[in-house]
Amino acid sequence: MRIAVLADIHGNADALDAVLRDAHDQGAERLIVNGDVVNRGPDSVQVMQTLLDRDATFTLGNHDDLLRLWHARSDVLPADWYADPFWGATAWSAAQLDRAGLLHAPADWPMTLDLHEPGLPPVQIAHGTRDHYRESLSDRSDPARLDALSVAPDGTRYGALIGSHIHRPVQYDHAGTLVLNTGAVGSPATGDPRAQYLLLDAQPGGWQATLRAVPYDRSGVLRRFQTSGLLDTGLSARIFRDEIITARSLYTPYWSWTEDQGIPRTHASWTDFLRHHPDLQPA
């Protein structure tokens, strides 16, 4: 059994198409989508429909949930976000999915998925971890936390834990449990712009993982930021576009910087942020 596990497509149809072709060429027999299908990029509707049309298994990502919460004006989110122009890209993506009748497709997606193969230890897959879809899982996780996550509810030990969310591929052995991260299909944060995903093989000797990075032409998705109207929604759309150009995390460090400085997220503060972090400027 060869399984393709992919995540963090973030509305980038060209990156998704490249990964789906590669997974087919690599002989993947099953497709698992580990959250964050939508938002950030211009193609949320196309990406969602492409994956729903396939025999894929899904887990819930924070962005899949965010758009539904946004559309409902949920009090789970800070009330001031709804009037903040910084969130224009999120409002745009939620509206696009709602018009296409796809906004609530993730409503039944579970937070976790456990894989069981005869003769092998189980594998747990979650966008973050089983406790929260925003919790990072990687080689940098606290060892005590990995110890806790490695034990299944029935007391058996997982052969592998698979997360996503951090946009960085990981393959790490923790006391006999493989700690894996798929990396990101649509917006990697490694400096490598190739679309990243994971192949998982059930072998007689145990689970084997292969991290894949697939080249694709980014000019189409970058052009659609403009032609779709997404780029006109404001600063966050520009940041999401620049993340595809740089293959670096920009949104998270910028958000943290504005919080530390106590300043609003505006075009002026974005310019100031880049002045203080010249290594993050897109070419």
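4 is the number of the first residue of the sequence shown in the numbering used here; add one for each residue after it. Idealized CB from N, CA, C, for every residue including glycine.
| query | result |
| --- | --- |
| C-beta contact flag for L234 and R244 at 8 angstroms | yes |
| Three-state secondary structure (DSSP) of H289 | Residue 289 falls outside the range modelled here, since the chain spans only 4 to 286, and no answer is possible. |
| Selection from W95, Y257, S167 that minimises the alpha carbon distance to L201 | S167 |
| Residue burial classification, D25 (beta-carbon count within 10 angstroms, cutoff 16) | buried |
| Exposed unless 16 or more other CB atoms sit within 10 angstroms - verdict on L69 | buried |
| Element boundaries [alpha helix (DSSP H), containing I266] | Per DSSP, I266 belongs to no alpha helix (DSSP H) and is neither H nor E. |
| Minimum C-alpha distance to A31 - residue among T230, L9, I242 | L9 |
| Pick from L214, H170, P207 that is closest to G194, judged by C-alpha positions | H170 |
| Burial state of L55 (16 or more Cβ within 10 Å) | exposed |
| Reference T93; option with closest CA among A178, H66, H135 | H66 |
| Length of the line joining the Cα atoms of I242 and P124 | 41 angstroms |
| Distance between Y136 and G162 (C-alpha atoms, nearest Å) | 20 angstroms |
| P109 versus D39 - alpha carbon distance | 10 angstroms |
| From R5, T269, R57, A18, residue whose alpha carbon lies closest to that of Y219 | A18 |
| contact_flag[the region 109-122, the region 143-154] where n(CB pairs < 8 angstroms) is 3 or more | no |
| C-alpha gap between R33 and I266, whole angstroms | 46 angstroms |
| Close beta carbons around H130, own chain, < 8 angstroms, minus the five adjacent residues each side | A10, N37, G38, D39, T62, L63, G64, N65, M114, Y136, G166, S167, H168 |
| A59 CB to nearest heavy atom of the ligand GDP below 7 angstroms | Among the components modelled here there is no ligand, and therefore nothing to report on the ligand GDP. |
| Exposed unless 16 or more other CB atoms sit within 10 angstroms - verdict on S77 | exposed |
| Same chain, Cβ closer than 7 angstroms to H119, neighbours up to 5 away in sequence not counted | P125 |
| Which of helix, strand or coil DSSP assigns to V154 | strand |
| Whole-angstrom distance between T236 and S47, CA atom to CA atom | 15 angstroms |
| N306 (DSSP reduced to helix, strand or coil) | Residue numbering for the chain in the displayed model covers 4 to 286; residue 306 lies beyond these limits and cannot be assessed. |
| Cβ pair A16, V224 closer than 8 angstroms | yes |
| Cβ neighbour criterion (16 or more within 10 Å) applied to M4 | exposed |
| Beta-carbon proximity list for G209, same chain, < 7 angstroms, skipping 5 on both sides | L123, G162 |
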